[in-house]
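Report on the structure given below.
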Amino acid sequence: LDSKLVMDVVSRMEDTEPFSEELHAAMKRLWTDSGVEECFSRSNEYQLNDSAKYFLDDLERLGQPNYEPTEQDILRTRVKTTGIVEVPKFLNFEIFKNF
16 LDSKLVMDVV
26 SRMEDTEPFS
36 EELHAAMKRL
46 WTDSGVEECF
56 SRSNEYQLND
66 SAKYFLDDLE
76 RLGQPNYEPT
86 EQDILRTRVK
96 TTGIVEVPKF
106 LNFEIFKNF
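16 is the number of the first residue of the sequence shown in the numbering used here; add one for each residue after it.
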């Protein structure tokens, strides 16, 4: 039930839209589910974004209404692409390039 809710809501969300309380609670329950933990322990067997654990471990902070991304949050984000794409990020007058 939580997985369906998360997939349904996330597929309709804008990238900058904040989490609803319902979505936030469902994501936290899923991340602590023993089946999801088992799947994550085998994440080397399938494609999973390398920053997933960073963000999922910090759902409490990310779900706050006054959430502001940290430098680490920005550097760990990924942009949906196909192929190799350069994505410049500007932080404190420095340019970081993600590929």
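We put the CB at the ideal spot given by N, CA and C, even for glycine.
Item                                                                                                     : Value
Status (buried if at least 16 other CB within 10 Å, exposed otherwise) for LEU16                         : exposed
Rounded separation between ARG27 and VAL21 - CA only                                                     : 10 Å
Classification of LEU38 by the beta-carbon crowding that lies within 10 angstroms, buried from 16 upward : buried
ARG57 in three-state terms, based on DSSP                                                                : coil
Alpha-carbon to alpha-carbon, LYS68 and THR47                                                            : 12 Å
Range covered by the alpha helix (DSSP H) that runs through ASP88                                        : 86-91
Check whether PRO84 and PRO33 have beta carbons under 8 Å apart                                          : no
GLU83, DSSP secondary structure in three states                                                          : coil
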